[in-house]
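Comments concern the structure below.
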Amino acid sequence: MSLSPFHLAIPVYDLAAARHFYREVFGLEEGRSSDHWVDFNFFGHQLVIHLAPKNASQEAAHTNAVDGHDVPVPHFGVVLGMEEWHALAERLKSLGTQFVIEPGIRFQGLVGEQATMFLFDPCGNALEFKAFKDIGQLFAR
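Written out as structure tokens, the structure reads:
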């Protein structure tokens, strides 16, 4: 599957804390930056953190029920290969990351079975990382 990289710009109210989080916790390569924004290579995609006032979704995330969990909305992330997902989950655990939804398997034994985990960055932006047992079921019903 060949994908075009996406560009996502998100608000952060503490640029230094968010920069540290994406660079050190995730080990992302930093690109261009200014006093108000920083580009990162987010698993081959362009993530830009922009200094902005705290917004409502960063104060208290809305949630929707999915497979017995309260999933924060909005959220973003990336679909990884299963081995890469497990490596990331172990890295985050070893760093003492606080998860909103602990790494685990969703829809076990069903169409769309996937590994998933949710966490917040220091500015309250929710992230989800997932991997599918069968990537061919990414959009399966």
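Counting with this note's numbering, you get residues 2 to 142 for the letters of the sequence shown.
Glycine residues also receive a C-beta, built at the ideal position from the N, C-alpha and C atoms.
Whether residue i touches residue j by CB criterion (8 Å)
{"i": "Pro184", "j": "Phe43", "result": "Here the chain covers residues 2 to 142 and nothing more, so residue 184 does not appear."}
{"i": "Glu31", "j": "Phe41", "result": "yes"}
{"i": "Thr98", "j": "Arg107", "result": "no"}
{"i": "Phe133", "j": "Leu89", "result": "no"}
{"i": "Cys124", "j": "Gln59", "result": "yes"}
{"i": "Gly78", "j": "Leu128", "result": "yes"}
{"i": "Leu93", "j": "Ile50", "result": "no"}
Backbone secondary structure at residue i - three-state DSSP
{"i": "Ser3", "result": "coil"}
{"i": "Phe100", "result": "strand"}
{"i": "Gln138", "result": "helix"}
{"i": "Leu111", "result": "coil"}
{"i": "His70", "result": "strand"}
{"i": "Ala132", "result": "strand"}
{"i": "Ala127", "result": "strand"}
{"i": "Phe43", "result": "strand"}
{"i": "Ala10", "result": "strand"}
Cβ-based burial, residue i [other Cβ within 10 Å; buried from 16]
{"i": "Pro179", "result": "In the structure as shown, the chain begins at 2 and stops at 142. Residue 179 is therefore absent and cannot be evaluated."}
{"i": "Phe27", "result": "buried"}
{"i": "Ala66", "result": "exposed"}
{"i": "Gln109", "result": "exposed"}
{"i": "Asp122", "result": "buried"}
Closer than 7 Å: residue i CB and nearest the ligand GDP heavy atom
{"i": "Glu84", "result": "The ligand GDP is not part of the structure shown, which contains no ligands of any sort."}
Close beta carbons around residue i, own chain, < 7 Å, minus the five adjacent residues each side
{"i": "Asn56", "result": "Pro12"}
{"i": "Arg33", "result": "Asp40"}
Contact set for residue i: own chain, Cβ-Cβ below 6 Å, skip 5 residues either direction
{"i": "Leu52", "result": "Leu16, His37"}
Contact set for residue i: own chain, Cβ-Cβ below 8 Å, skip 5 residues either direction
{"i": "Leu219", "result": "Only positions 2 to 142 of the chain appear in this structure, which leaves residue 219 out of reach."}
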